[in-house]
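A.B. asks: Please see the structure below; I have some questions.
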Amino acid sequence: MAQNSPARRIPSHGTELLGASHAIDFVAVDRQRRTARRRDWRTFFATEPPELFLGFGRNILAPAAGVVVAVHDGEPDHAARRSQLALLPYALGQAGRLRQGTAAIAGNHVIIELPDRAGYLAVVHLREGSLIVSAGDAVATGQRLGQCGNSGNSTQPHVHIQLMDSLDLTTARGIPMRFRHFREWPRGAKESRNVTVGMPAEGSVVEPFASSSFQKPQPTPGDKP
């Protein structure tokens, strides 16, 4: 499910800081648009383990080809929050996390330099210990980078993607981006539509579809089907 989509507003995350003006979040959901396998008392009054959520541990693939120029790991995957009681104190701690530096916001992440000086692509909030690429690696579209986590400034497991004009997150400015060949179920719609090039709408559910021009994800040795 697309959240904080630039199709709804810019800056998409409500800020120009850290190159996030055109960023988008993707949260794994099931057919009923649920992000977690179950609900219990903790859903409404407390935090929940990240392992409960559908996205946690899912393989995250490179959205585009390029060269890895930065990798950061070692940030813990913290508890997830759906409860308003748990979200309020977390929101109040936002300024403090920003003062701690970019790692406290981005968590575990990979930055890929795109060809022809097209920009720097950041894939953010990955699972601690799951990153399998290093700075200097050339990656193909669809190559596994790591796993979805809940590190950094994240209330529940998801992947955050942004394109920016600099490797330095403290000074980077966001760049508009588009996705190719995806099937989209807009919020409230019963039927899907195929999009050749575009940006998922806020709250829509998306998945890739086969195309002669779409490069299929490349398997990594040892991956399970």
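So the number in the numbering used here is just where the residue sits in the sequence shown, counting from 1, plus 2. Just so it is clear, CB atoms sit at the ideal spot from N, CA and C, and this is done for glycine as well.
Using the rule of at least 16 other Cβ atoms within 10 Å of the residue's Cβ for burial, across every protein chain shown, is H195 buried or exposed?
C.D. replies: His is not the amino acid found at residue 195; the sequence shown has Arg there. With fewer than 16 other Cβ atoms within 10 Å, it is exposed.
A.B. asks: Taking all protein chains shown into account, do 16 or more other C-beta atoms lie within 10 angstroms of the C-beta of A97, making it buried, or fewer, making it exposed?
C.D. replies: Its Cβ having fewer than 16 others within 10 Å, A97 is exposed.
A.B. asks: Let me know the alpha helix (DSSP H) ranges lying completely inside the region 121–181, each 4 residues or longer, listed in chain order.
C.D. replies: Qualifying alpha helix (DSSP H) stretches: none in this window.
A.B. asks: If you compare alpha carbons, which of I107, A93, R44 and L63 is closest to D79?
C.D. replies: When only C-alpha atoms are compared, the closest one is I107.
A.B. asks: Beta-carbon separation of A82 and E50 under 8 Å?
C.D. replies: It is a contact, given that the beta carbons lie within the stated cut-off.
A.B. asks: Let me know if E186 comes out buried or exposed under the rule of 16 or more other beta-carbons within 10 Å of its beta-carbon.
C.D. replies: E186 should be labelled buried.
A.B. asks: Only counting the same chain, and skipping five residues up and downstream in sequence, which positions put a Cβ closer than 6 Å to that of P52?
C.D. replies: Closer than 6 Å at Cβ, skipping near neighbours: F58, D79, A82, N152 and P159.
A.B. asks: Hey, would you say I114 sits closer than 8 Å to A25, going by beta carbons?
C.D. replies: No. Outside cutoff.
A.B. asks: At what residues does the beta strand (DSSP E) containing R195 begin and finish?
C.D. replies: Run containing R195: R195 to G200, per the beta strand (DSSP E) assignment.
A.B. asks: What does the Cβ neighbour count give for L165, buried or exposed, with the cut at 16 atoms within 10 Å?
C.D. replies: L165 should be labelled buried.
A.B. asks: Report buried or exposed for M3, applying the criterion of at least 16 other Cβ atoms within 10 angstroms of its Cβ.
C.D. replies: Buried.
A.B. asks: Assign E1 to buried or exposed, taking buried as 16 or more other Cβ atoms, counted over all protein chains shown, within 10 Å of its Cβ.
C.D. replies: The question about residue 1 has no answer here: the residues shown for the chain are numbered 3 through 227.
A.B. asks: In three-state terms, what does DSSP make of R99?
C.D. replies: Three-state result, R99: helix.
A.B. asks: Starting from A106, trace the alpha helix (DSSP H) both ways and give me its first and last residue.
C.D. replies: From DSSP, the alpha helix (DSSP H) with A106 extends over T104 to A108.
A.B. asks: Given that a residue counts as buried once 16 or more other Cβ atoms are within 10 Å of its Cβ, and exposed if not, what is Q149?
C.D. replies: Result: buried.
A.B. asks: Answer yes or no: do L147 and V112 have a C-beta to C-beta separation smaller than 8 Å?
C.D. replies: Taking 8 Å as the Cβ cut-off, L147 and V112 qualify as a contacting pair.
A.B. asks: Alpha carbon to alpha carbon, what distance is there between A22 and T173?
C.D. replies: C-alpha separation (whole angstroms): 11 Å.
A.B. asks: Using the Cβ count rule (16 or more neighbours within 10 Å means buried), how would you classify G138?
C.D. replies: With fewer than 16 Cβ atoms within 10 Å of its Cβ, G138 is classed as exposed.
A.B. asks: Alpha carbon to alpha carbon, what distance is there between P8 and A203?
C.D. replies: Rounded to the nearest angstrom, the two C-alpha atoms are 8 Å apart.
A.B. asks: Indicate whether A30 and R10 have their beta-carbon atoms separated by less than 8 Å.
C.D. replies: In this structure, R10 does not lie closer than 8 Å to A30 by Cβ.
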